[in-house]
Structures are given as structure tokens and as C-alpha cells.
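Take a look at the structure set out below.
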Amino acid sequence: MSNVSSFDRVKIVLVGTSHPGNIGSAARAMKVMGFSRLALVAP
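In this text, residue positions in the sequence shown follow this note's numbering: the first is 6, and each later residue adds one.
Here you go:
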């Protein structure tokens, strides 16, 4: 069995965010839920 948790394989992708606060809110929510991989596309 792998030592990689399911959360380590998940990447959150934000596309075309219209406000910088949206990125911060998503990052804070990710931290609370244990996610750590964030990708921005055309921020």
C-alpha cells in the first residue's frame, strides 16, 4: 500500500479568477480541509 494520502493526489484548479480574494478564500478552505495542491490557470 502507498504512503501517499488521497489528499496528496488531488489538485484544485482555479480558472480565470476575477478577484484576488477568491484565490485567498480557496487557499484558506483548502488548508482547513487538508488539501495542498493549487493550480491557477489564467488568473
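Just so you know, even glycine gets a beta-carbon here, dropped at the ideal spot from N, CA and C.
Could you please give the first and the last residue of the uninterrupted beta strand (DSSP E) stretch that includes residue i?
{"i": "V37", "result": "Premise fails: V37 lies in the alpha helix (DSSP H), 25-38, not in any beta strand (DSSP E)."}
{"i": "A44", "result": "43-46"}
{"i": "V18", "result": "17-20"}
Taking residue i and residue j to be in contact with their CB atoms under 8 angstroms, please state how far apart those CB atoms are, rounded to whole angstroms.
{"i": "A44", "j": "G21", "result": "Contact doesn't hold; Cβ gap of about 13 angstroms is too wide."}
One question on the structure: do residue i and residue j come within less than 9 angstroms of each other, judged by their Cβ atoms?
{"i": "R33", "j": "K16", "result": "no"}
To the nearest angstrom, report how far apart residue i and residue j are at their CA atoms.
{"i": "G26", "j": "V18", "result": "15 angstroms"}
{"i": "G39", "j": "S23", "result": "25 angstroms"}
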